[in-house]
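Residue numbers (this note's numbering): 82 to 185.
Even for Gly, the Cβ is constructed at its ideal location relative to N, Cα and C.
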Amino acid sequence: MSEQTQKPAFFMVQVKAKSMEDLSTRYAQFAIASLMKHGGQMIAGTPQPHVLEGDWNGSWAAILKFPSLEMAQNWYNSSEYKPLKELRINELTEHGQILLIEGM
Numbered sequence: 082m083s084e085q086t087q088k089p090a091f092f093m094v095q096v097k098a099k100s101m102e103d104l105s106t107r108y109a110q111f112a113i114a115s116l117m118k119h120g121g122q123m124i125a126g127t128p129q130p131h132v133l134e135g136d137w138n139g140s141w142a143a144i145l146k147f148p149s150l151e152m153a154q155n156w157y158n159s160s161e162y163k164p165l166k167e168l169r170i171n172e173l174t175e176h177g178q179i180l181l182i183e184g185m
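Encoded structure:
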């Protein structure tokens with residue numbers, strides 16, 4: 082598939098931070114810089130999403146956009162992002178869900 086016809090890809094993020102300050106200063110600023118180097122952008126983020134169905138037990142929700150599924154996967158699995166991902170999972174959050182969805 083050519084670059085012009087690639088479908089965008091979106092990460093849907095929901096995490097429960099142990100400390101929002103730590104998540105911001107130790108993770109978020111570096112993760113955003115990293116994803117931008119890989120062609121991604123954070124298009125939405127909030128500590129208080131509007132819950133229309135189901136339960137919300139997180140402290141941060143975000144949507145990240147990449148030009149393609151391949152670019153999104155390359156960033157998520159990159160050696161640059163790996164230590165940040167491990168920090169988020171092992172130290173900064175109680176739990177979370179990260180979904181990767183290909184756009185239409």
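Bounding residues of the alpha helix (DSSP H) (the contiguous stretch that carries Glu167):
Lys163 to Leu168
Can you tell which of Pro148, Gly139 and Ser159 has its C-alpha closest to the C-alpha of Ser100?
Gly139
Please identify the residue among Phe91, Ala98 and Gln87 whose C-alpha is closest to the C-alpha of Gly121.
Phe91
As assigned by DSSP and simplified to three states, the class of Trp187
The requested residue 187 is not part of the displayed model; the chain covers only 82 to 185.
Between the C-alpha atoms of Met123 and Phe147, what's the straight-line distance to the nearest angstrom?
9 Å
Please classify Ala117: does DSSP put it in a helix, a strand, or coil?
It is Met, not Ala, that sits at residue 117 in the sequence shown. Residue state, collapsed to three classes: helix.
At which residues does the alpha helix (DSSP H) containing Glu134 begin and terminate?
Glu134 -> no alpha helix (DSSP H), and no H or E assigned at all.
Would you decide whether Trp137 is buried or exposed? Buried here means 16 or more other CB atoms lie within 10 Å of its CB.
exposed
For Ala114, count neighbouring C-beta atoms within 10 Å of its own C-beta (all shown protein chains included) and say buried if the count is 16 or more, exposed if not.
exposed
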